[in-house]
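Below you'll find the structure, written out as structure tokens, and then a few comments.
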Amino acid sequence: MSGATWARTVLRRLRKEYPDADCALRHDDPFQLAVATVLSAQCTDEMVNRVTPALFARFPTAEALAAADPEEVERLIHSTGFFRNKTRNILGLARLLVERFGGTMPETMEELLELPGVARKTANVILGVAFGKAEGVVVDTHVRRLSGRLGFTKLEDPVKIERELMELLPRKDWIFCGHALILHGRRVCAARAPACDRCLLNDRCPSRH
Numbered sequence: 013m014s015g016a017t018w019a020r021t022v023l024r025r026l027r028k029e030y031p032d033a034d035c036a037l038r039h040d041d042p043f044q045l046a047v048a049t050v051l052s053a054q055c056t057d058e059m060v061n062r063v064t065p066a067l068f069a070r071f072p073t074a075e076a077l078a079a080a081d082p083e084e085v086e087r088l089i090h091s092t093g094f095f096r097n098k099t100r101n102i103l104g105l106a107r108l109l110v111e112r113f114g115g116t117m118p119e120t121m122e123e124l125l126e127l128p129g130v131a132r133k134t135a136n137v138i139l140g141v142a143f144g145k146a147e148g149v150v151v152d153t154h155v156r157r158l159s160g161r162l163g164f165t166k167l168e169d170p171v172k173i174e175r176e177l178m179e180l181l182p183r184k185d186w187i188f189c190g191h192a193l194i195l196h197g198r199r200v201c202a203a204r205a206p207a208c209d210r211c212l213l214n215d216r217c218p219s220r221h
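Heads up: the sequence shown begins at 13 in my numbering, then just goes up one per residue.
Spelled out as structure tokens, the structure:
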């Protein structure tokens with residue numbers, strides 16, 4: 013089976029198993045999604061979702077967060093880990109949004125990558141979830157792991173993995189594929205103990221068992 017044929021098989025089965033796969037981070041607008049995604053680095057979405065209600069109640073907009081006291085923000089996001097660096101990033105993100113983009117989230121990859129704390133993964137989340145734009149594939153720790161196990165790539169660098177996935181998958185499936193692989197990685201294909209016995213791909217997965 014060719015790589016493209018296998019990729020289409022994986023997509024078809026993921027769509028059947030996870031038809032509603034979507035971003036798990038709770039947010040009300042693109043700004044909140046961007047902040048939540050930055051906070052999700054080295055942290056679970058569940059933990060971020062516990063922290064952001066209080067953060068966004070206090071600082072609901074880019075303008076409000078741009079004027080925030082860093083120590084207060086640190087206290088609010090402390091449990092997400094790396095809280096000092098994340099505070100610098102989200103405050104810098106909010107300030108640049110206000111100064112350069114009038115407080116509105118830009119809708120291009122190039123402009124998003126100018127924001128502090130935003131690399132391609134975060135930019136792809138924002139573009140795909142907030143704006144429905146497929147400019148790439150979200151490659152987080154789950155997608156990176158599953159891409160290797162499924163035989164899509166032998167590479168380790170997320171940007172290079174993304175390029176390979178973009179070549180394998182139809183553009184219309186880029187957004188869904190990222191969300192579905194993340195969901196499958198959380199529920200079945202875990203890092204330490206993958207549940208191959210109940211995996212929908214175990215008949216053809218090159219890493220099964």
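No residue lacks a Cβ here, since even glycine has one placed at the ideal position from N, Cα and C.
This one's a predicted model, so the numbers in the text were calculated from it and none came from an experiment.
Could you work out which residue in the options is closest to residue i when comparing CA atoms only?
i             : options                          : result
valine 110    : Ala135, Ala74 and Lys28          : Ala74
aspartate 40  : Ala78, Asp152, Pro72 and Trp186  : Pro72
arginine 112  : Gly15, Phe164, Glu126 and Val47  : Glu126
aspartate 152 : Pro218, Arg204, Gly104 and Ala53 : Ala53
glycine 148   : Thr56, Asn214, Met121 and Ala19  : Met121
Checking 8 Å against the spacing of the C-beta atoms, do residue i and residue j come in under that value?
i                 : j              : result
isoleucine 89     : leucine 51     : yes
isoleucine 194    : alanine 146    : no
cysteine 35       : histidine 191  : yes
leucine 124       : isoleucine 102 : no
leucine 23        : aspartate 185  : yes
glycine 140       : valine 150     : yes
alanine 48        : alanine 78     : no
phenylalanine 164 : alanine 19     : yes
Since residue i and residue j should fall inside the 8 Å C-beta cutoff, what is the C-beta to C-beta distance between them, to a whole number of angstroms?
i            : j              : result
leucine 167  : isoleucine 173 : 5 Å
arginine 157 : alanine 203    : 6 Å
arginine 25  : leucine 213    : 6 Å
Original post:
Three or more beta-carbon pairs under 8 Å between the segment 60-68 and the segment 85-100, yes or no?
Top reply: They touch, by the three-pair rule.
**OP:** Identify every run of the beta strand (DSSP E) within the segment 95-159, keeping only runs that are complete inside it and at least 3 residues long; order them along the chain.
**Re:** The segment 95-159 contains no whole beta strand (DSSP E) run of 3 or more residues.
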